[in-house]
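>
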Amino acid sequence: MKIELNKRQEQILQIVKDHGPITGESIAEKLNLTRATLRPDLAILTMAGYLEARPRVGYFYTGKTGTQLLADRLKKLKVCDYQSIPVVVNENVSVYDAIVTMFLEDVGTLFVVDEESLLAGVLSRKDLLRTSIGKQELTSIPVNIIMTRMPNITVCYKDDLLIDVADRLIEKQIDAMPVVKKTEKGFEVIGRITKTNITKAFVALAKDDLL
0 MKIELNKRQE QILQIVKDHG PITGESIAEK LNLTRATLRP DLAILTMAGY LEARPRVGYF
60 YTGKTGTQLL ADRLKKLKVC DYQSIPVVVN ENVSVYDAIV TMFLEDVGTL FVVDEESLLA
120 GVLSRKDLLR TSIGKQELTS IPVNIIMTRM PNITVCYKDD LLIDVADRLI EKQIDAMPVV
180 KKTEKGFEVI GRITKTNITK AFVALAKDDL L
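Residues in the sequence shown are numbered consecutively from 0, following numbering that gives the first Met the number 0.
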């Protein structure tokens with residue numbers, strides 16, 4: 000959240016810019032205030048990223064603009080904070096059923112799992128559209144015929160940084176990625192991250208910063 004600095008906090012920033020690194024006691028002395036009075040302001044400025052504090056050294060100005068502070072926060076966002084529930088189908092279901100599932104769930108990507116519920120493939124809207132254009136009987140074609148298989152699937156983990164996942168989505172030109180947990184037998188699908196998830200996260204962060 001963007002901090003609206005009060006007059007005293009602005010004064011503290013200017014003092015640290017001019018004299019940093021500087022101790023809290025020295026700042027308080029310059030303002031003719033007690034260290035206890037300044038403690039909340041220093042905590043706010045430090046948590047907001049304007050100042051950094053080092054033991055036995057004091058406070059110093061980070062030199063970061065509001066945009067840089069926003070970028071720093073952006074780089075800390077993780078997949079687990081924004082992932083959504085995955086929509087999965089079994090590898091033996093028909094293309095027709097997969098199309099119905101995609102429509103009912105209102106998603107652009109389905110994750111295909113095997114009999115042990117492990118990731119076996121990915122189905123995109125383009126895959127299903129390409130198949131439906133032909134004269135084939137969609138109810139008789141299993142999705143495992145047309146899906147993208149491992150190891151050609153780009154996956155991510157819940158602790159991955161959102162900015163890195165966004166970069167991979169752009170690089171691979173895909174709309175969604177399964178969030179997986181590695182097991183002895185393969186990947187268990189525990190979530191999904193999409194361009195929409197990432198867009199919502201970035202917009203929320205920007206709005207929060209403007210509050």
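Idealized CB from N, CA, C, for every residue including glycine.
Treat the numbers as computed from the prediction; the structure is a model and nothing was measured.
#1: DSSP three-state label for L118, please.
#2: With H, G and I counted as helix, E and B as strand and the rest as coil, what does DSSP make of L109?
#3: Taking the alpha-carbon positions, what's the A35 to A175 distance?
#4: Under 6 Å Cβ to Cβ from K16, same chain only, skipping five residues before and after it: list those, please.
#5: By alpha-carbon positions, which one of R7, L4, T153 and V94 ends up nearest to T138?
#6: What do you reckon, are the CB atoms on V86 and V99 nearer than 7 Å?
#7: Cβ of G57 within 7 Å of Cβ of I21?
#8: Where does the unbroken alpha helix (DSSP H) through K6 begin, and where does it stop?
#9: Starting from the C-beta of A200, find all residues in its chain whose C-beta is less than 7 Å away, skip the five residues before and the five after it, and write them out in chain order.
Concretely, from the data shown:
#1: Of the three classes helix, strand and coil, the one that applies to L118 here is strand, per DSSP.
#2: L109 falls in the strand class under three-state DSSP.
#3: A direct Cα-Cα distance of roughly 50 Å separates A35 from A175.
#4: Around K16: Y60.
#5: Of the candidates R7, L4, T153 and V94, V94 places its Cα closest to the Cα of T138.
#6: No, they are not a contact pair.
#7: In this structure, I21 lies closer than 7 Å to G57 by Cβ.
#8: Element bounds for K6: K6 to H18.
#9: Setting aside the 5 residues that flank it on each side, A200 is surrounded in the same chain by L76, Y81 and L161, each with a C-beta closer than 7 Å to its C-beta; the list follows chain order.
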